[in-house]
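Colleague: Just passing along the structure, written as structure tokens.
2 protein chains.
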Amino acid sequence: MTTLFTNVTALLMDEAFTTLRYGYVAVDGTNISYVGPNRPQGDFDQTIDCTGKVMMPGFVNCHTHVPMTLMRGYGGGHDLQSWLSDFIFPAEDKWDDRSIAAAAQLGLAEMIASGVTCIADMYMRMGVVARQVLDAGISANLSVGGVYFGSLADFSPDSCEDCANMRALYEQWHMAGDGQIIVDASIHGEYTSSAPLWQWMADYALEHGLGMHVHVSETMKEHEECKARHNGLTPIQILNRYGVWDTRAIAAHCVYTTPEDWAVMGQKGVSCIHNPYSNLKLGSGVAPIPAMSKAGVNVALGTDGVSSHNSVDLFADMKLAAILHNGVARDPMAVTARQALEMATVNGAKALGRNTGRIEAGRTADLILVDFDAPNLTPCHDEAENLVFSAHGSNVCMNMARGKVIYQNGEFKTLDLDRVKAEVKQYALPLLFK
Amino acid sequence: MTTLFTNVTALLMDEAFTTLRYGYVAVDGTNISYVGPNRPQGDFDQTIDCTGKVMMPGFVNCHTHVPMTLMRGYGGGHDLQSWLSDFIFPAEDKWDDRSIAAAAQLGLAEMIASGVTCIADMYMRMGVVARQVLDAGISANLSVGGVYFGSLADFSPDSCEDCANMRALYEQWHMAGDGQIIVDASIHGEYTSSAPLWQWMADYALEHGLGMHVHVSETMKEHEECKARHNGLTPIQILNRYGVWDTRAIAAHCVYTTPEDWAVMGQKGVSCIHNPYSNLKLGSGVAPIPAMSKAGVNVALGTDGVSSHNSVDLFADMKLAAILHNGVARDPMAVTARQALEMATVNGAKALGRNTGRIEAGRTADLILVDFDAPNLTPCHDEAENLVFSAHGSNVCMNMARGKVIYQNGEFKTLDLDRVKAEVKQYALPLLFK
Numbered sequence: 084m085t086t087l088f089t090n091v092t093a094l095l096m097d098e099a100f101t102t103l104r105y106g107y108v109a110v111d112g113t114n115i116s117y118v119g120p121n122r123p124q125g126d127f128d129q130t131i132d133c134t135g136k137v138m139m140p141g142f143v144n145c146h147t148h149v150p151m152t153l154m155r156g157y158g159g160g161h162d163l164q165s166w167l168s169d170f171i172f173p174a175e176d177k178w179d180d181r182s183i184a185a186a187a188q189l190g191l192a193e194m195i196a197s198g199v200t201c202i203a204d205m206y207m208r209m210g211v212v213a214r215q216v217l218d219a220g221i222s223a224n225l226s227v228g229g230v231y232f233g234s235l236a237d238f239s240p241d242s243c244e245d246c247a248n249m250r251a252l253y254e255q256w257h258m259a260g261d262g263q264i265i266v267d268a269s270i271h272g273e274y275t276s277s278a279p280l281w282q283w284m285a286d287y288a289l290e291h292g293l294g295m296h297v298h299v300s301e302t303m304k305e306h307e308e309c310k311a312r313h314n315g316l317t318p319i320q321i322l323n324r325y326g327v328w329d330t331r332a333i334a335a336h337c338v339y340t341t342p343e344d345w346a347v348m349g350q351k352g353v354s355c356i357h358n359p360y361s362n363l364k365l366g367s368g369v370a371p372i373p374a375m376s377k378a379g380v381n382v383a384l385g386t387d388g389v390s391s392h393n394s395v396d397l398f399a400d401m402k403l404a405a406i407l408h409n410g411v412a413r414d415p416m417a418v419t420a421r422q423a424l425e426m427a428t429v430n431g432a433k434a435l436g437r438n439t440g441r442i443e444a445g446r447t448a449d450l451i452l453v454d455f456d457a458p459n460l461t462p463c464h465d466e467a468e469n470l471v472f473s474a475h476g477s478n479v480c481m482n483m484a485r486g487k488v489i490y491q492n493g494e495f496k497t498l499d500l501d502r503v504k505a506e507v508k509q510y511a512l513p514l515l516f517k
Numbered sequence: 084m085t086t087l088f089t090n091v092t093a094l095l096m097d098e099a100f101t102t103l104r105y106g107y108v109a110v111d112g113t114n115i116s117y118v119g120p121n122r123p124q125g126d127f128d129q130t131i132d133c134t135g136k137v138m139m140p141g142f143v144n145c146h147t148h149v150p151m152t153l154m155r156g157y158g159g160g161h162d163l164q165s166w167l168s169d170f171i172f173p174a175e176d177k178w179d180d181r182s183i184a185a186a187a188q189l190g191l192a193e194m195i196a197s198g199v200t201c202i203a204d205m206y207m208r209m210g211v212v213a214r215q216v217l218d219a220g221i222s223a224n225l226s227v228g229g230v231y232f233g234s235l236a237d238f239s240p241d242s243c244e245d246c247a248n249m250r251a252l253y254e255q256w257h258m259a260g261d262g263q264i265i266v267d268a269s270i271h272g273e274y275t276s277s278a279p280l281w282q283w284m285a286d287y288a289l290e291h292g293l294g295m296h297v298h299v300s301e302t303m304k305e306h307e308e309c310k311a312r313h314n315g316l317t318p319i320q321i322l323n324r325y326g327v328w329d330t331r332a333i334a335a336h337c338v339y340t341t342p343e344d345w346a347v348m349g350q351k352g353v354s355c356i357h358n359p360y361s362n363l364k365l366g367s368g369v370a371p372i373p374a375m376s377k378a379g380v381n382v383a384l385g386t387d388g389v390s391s392h393n394s395v396d397l398f399a400d401m402k403l404a405a406i407l408h409n410g411v412a413r414d415p416m417a418v419t420a421r422q423a424l425e426m427a428t429v430n431g432a433k434a435l436g437r438n439t440g441r442i443e444a445g446r447t448a449d450l451i452l453v454d455f456d457a458p459n460l461t462p463c464h465d466e467a468e469n470l471v472f473s474a475h476g477s478n479v480c481m482n483m484a485r486g487k488v489i490y491q492n493g494e495f496k497t498l499d500l501d502r503v504k505a506e507v508k509q510y511a512l513p514l515l516f517k
């Protein structure tokens, strides 16, 4: 399958932050084959005119729990502990494969319609999620957050459920769809697991060349209790002792990380996944993003689960990342529009070890078109400013993932949204919430 | 003209925070005539089925500068002073009536499409803006921010341009369209004007029964310099000495207001207009909203001008108001969904002296429908949670202002958007920016 985009205005997200104008972008198979001012030779299976639209790389949403889409707004208006123990955990106990599949499809539909082409998802029953991702067409780094909390004496890799989950997901799904699925190792968090699992997971990741996905220092309580347990060592520091960061790794939240943590993260190449909506909504705090960036940490963006956002529109997170730190630091330049765009694209690609996030020949053809004829994008003095501060997910009029148009002008090409909504309503919601 | 809404699910925004279900809402002329469970007697000119939708009062956007829509994203990436002096002020010098009209129509279109039915706008050439508002169909409190900065000796109400603007706007437009337009008195801010104007404007407002619209303590610099000039008195306090708050009044921003200020505001009935996006984006800071609310100050919401947001989607401001203070205070209950909804509706109505913001018989028929079939609003465990945290402006599928449907399913009934965009492109943008 080949595609030629004509009359292209595009933010290439290259080092020079180039905006291509009156240009062409060609796609061959799953990759971009040409980007430039001249119409490339040859015939194309389809041609897409981009007049009035702006192209950018599809978003990389680096921290999600897709099936939690079904908990959108559930238990709102309660404090964190009641919300988890009285609402979220009891519902989560009732999942089966069929309901997870429906929930994942619904979540993927919302992401696709708002311009996401690649995610890092951590949850349970992830084989089922992998199947839905493959069918939907985007790319995903998938993991089951390990929660073994026992002693070394009790730990047995052969009987530990977390190890079994890790092995099963890796063996069945790693690199499925020519790398559409990448399986990551994962520890849910320092506060929900213990050292034997950390060591095993670090070893497993190294042995199989996998990345690592961990919740880190999301709340002050988590951060301080870790230090109390481990002679003043933070989650980043204690996990570092077990080799958890000796591979490509993403640390979600990092709200309470310290300069010492950032030094470890910079040295080991651990990316911070900033989830500004979730951190504000749950009352977790404001992550020190400008300082982390200056310290050399790669910062990317995530929405977190729909249960704590309650949306997956990464445009909103990109905008919030671009303004929140300005307000808190009283510095209108604390995070620039360009930096926010990088967090949502190239930095995310780097965090997940993906050849995406930038529009250049040889990269994966993950591309979105945004309708700049919409009133909220009129006028346009600067495409980047409008994309960061004025656009929202519903301005996305095309989503191409891995070279295939999966969404166009409100229509899903790989999902039957009406069928998904019926399955959610008739099967999944009654199962979980009744 | 009469309208009957059937199969209504509606957030009434009454004291009991009632959600009407399987109900009816009837409209006669500009007002709501019935709200309840039974189909009202009689024939109606039109019937609107609300199945799959949720009704709420139209948004009240209490601090806007509508023509600044043309500066969307203009001069982004510069510090505040360069942005104002090198970009905004030079462009503003070039306005004429024709370009203001086009800019206002574009701004109104964006607001209408995202559910706003009433605004408080402060800018220049406001007679032209009034004409556009009347035609567009929403309600507006309009004012010209006074900026006289001279001494009492030099001040003459007969020759002062600010006094002339005030009188002209009042005499031509106050209560136009049966109260669709309300003219407010206005002082741009303490830092951009001086005592003779404060006294004159306070007297004029009292004499004519007008409200008052002022920028207050937006930045630390403004707040501290005021105290230095006036023996420690804050903007709220020094303006209080001149009687500026002796009428219904709105104070935009209030980022650095103090408990002493809140006592004055509570006593005088001054509303705080919270503009969270603008305050973050410009690096102004975070207004102490939970404390102000607890102190008895009426808090409503504004988007501020598109130049410092850069959108007028009040759903986004409502969500940010509901989460920002949670994050800053590390308290997930600092502002609840209900409080954010009240800020965007009833509190705004109170701030502007409008009989809107609530769905009950006798109130102005300012009503919006939100499409709850959209993927980002599926599933729905709680309508209020979804409206605050999951909805955005493009989920609005109908806007009724003053009893008239002015927007439905993407179509504007009172504005020709293509013509407006052409006028902006061909006339207004070249005039201001070339």
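For the record, the sequence lines run as chains A and B.
Remember, this note's numbering sits 83 above the position in the first sequence when you count from 1.
Remember, this note's numbering sits 83 above the position in the second sequence when you count from 1.
Glycine included, each C-beta is placed from N, C-alpha and C at the ideal position.
#1: For P123(B), which of helix, strand or coil comes out of DSSP?
#2: By DSSP, does V227(A) sit in helix, in strand, or in coil?
#3: To which residues of the same chain is R441(B) closer than 8 Å at the C-beta, ignoring the five residues directly before and after it?
#4: Spatial neighbours of N323(A) within its chain, please: C-beta separation below 8 Å, excluding the five flanking residues on both sides.
#5: Measure from the C-beta of N459(A) to each C-beta in chain B and report whether the shortest distance is under 8 Å.
#6: Going by C-alpha distance, which of S473(A), P342(A) and L153(A) is nearest V380(A)?
#7: Strictly under 8 Å for the Cβ-Cβ distance: is K504(A) near chain B by that measure?
#8: Is there contact between the stretch 147–164 of chain A and the stretch 466–481 of chain A, where contact requires at least three CB pairs shorter than 8 Å?
#9: Consult DSSP for S116(B) and reduce its assignment to one of helix, strand or coil.
#10: Helix, strand or coil: which one does DSSP assign to L514(B)?
#11: Short of 9 Å Cβ to Cβ, which residues in the stretch 129–161 of chain A face chain B?
#12: Within 8 Å of any Cβ in chain C, is that where the Cβ of S394(A) sits?
#13: Going by the beta-carbon positions, is the gap between F127(B) and A99(B) smaller than 8 Å?
#14: Put T439(A) into one of helix, strand or coil per three-state DSSP.
#15: Please return the same chain residues whose Cβ sits closer than 6 Å to the Cβ of Y231(B), not counting the five positions on each side in sequence.
#16: Taking only beta-carbon atoms, is D524(B) less than 8 Å away from chain A?
#17: With DSSP run on the structure shown, which of helix, strand or coil describes A457(A)?
#18: List the DSSP bridge partners of V297(A).
#19: In chain order, what residues of the same chain lie with their CB nearer than 6 Å to the CB of T134(A), ignoring the 5 residues before and after it?
#20: For a contact defined as C-beta to C-beta under 9 Å, what are the partners of P513(B) on chain A?
#21: Could you tell me whether the Cβ atoms of V453(B) and C480(B) are closer together than 8 Å?
#22: Per DSSP, which residues does V140(B) bridge with? Please list them.
#23: Thinking C-alpha only, which one of W328(B), E301(B), T302(B) and A311(B) is nearest W283(B)?
#24: For C145(A), which residues of its own chain have a beta-carbon under 7 Å away from its beta-carbon, when the five flanking residues on both sides are left out?
#25: Just to confirm before moving on: does the CB-CB distance between H148(B) and M205(B) stay below 8 Å?
#26: Since Y27(A) meets chain B, which of its residues come closer than 7 Å, beta carbon to beta carbon?
#27: Output the boundary residues of the beta strand (DSSP E) element that contains A384(A).
#28: Is there a Cβ of chain A sitting closer than 8 Å to that of H357(B), yes or no?
#29: Report yes or no: do the stretch 215–233 of chain B and the stretch 399–416 of chain B share at least 3 C-beta pairs separated by less than 8 Å?
#30: Give the DSSP-derived three-state secondary structure of H357(A) in the structure shown.
#31: Sorry if obvious, but does the Cβ on Q282(A) come closer than 7 Å to a heavy atom of the ligand NAD?
#32: Measuring straight from C-alpha to C-alpha, what distance separates R421(B) and F170(A)?
#33: Which bits of chain B does N469(A) rub up against, with CB to CB less than 8 Å?
#34: Which residues mark the beginning and the end of the alpha helix (DSSP H) in which C309(A) is found?
#35: Determine, for D364(B), whether the minimum Cβ-Cβ distance to residues of chain A falls below 8 Å.
#36: Does DSSP classify N482(A) as helix, strand or coil?
Modeller: To lay it out plainly:
#1: coil
#2: coil
#3: L95, M96, D97, P140, T428, V429 and A432
#4: V347 and K351
#5: yes
#6: P342(A)
#7: yes
#8: no
#9: strand
#10: helix
#11: T152, L153, M154, R155, G156, Y157, G158, G159, G160 and H161
#12: Among the protein chains of the structure shown, namely A and B, there is no chain C.
#13: no
#14: coil
#15: C243, D245, S276 and L280
#16: This structure cannot settle anything about residue 524(B), because the visible part of chain B is limited to 84 through 517.
#17: coil
#18: I270(A) and A334(A)
#19: N90
#20: Ordered by position in chain A, no residue passes the 9 Å Cβ test against P513(B), which lies about 11 Å from the chain.
#21: yes
#22: Note on residue identity: the sequence assigns Pro, not Val, to residue 140(B). Partner(s): L450(B).
#23: W328(B)
#24: A203, I333, I356, A383, L384, G385, G431, A434 and L435
#25: yes
#26: Given a span of 84 to 517 for chain A in the structure shown, any question on residue 27(A) remains unanswerable.
#27: For clarity, residue 384(A) is Leu in the given sequence; the question names Ala instead. Per DSSP, L384(A) belongs to the beta strand (DSSP E) from V382 to L384.
#28: no
#29: no
#30: strand
#31: Among the components modelled here there is no ligand, and therefore nothing to report on the ligand NAD.
#32: 19 Å
#33: R155, G156 and N393
#34: M303 to R312
#35: Looking at the sequence itself, residue 364(B) is Lys, so the reference to Asp does not match. Yes, because at least one Cβ of chain A sits closer than 8 Å to the Cβ of K364(B).
#36: strand
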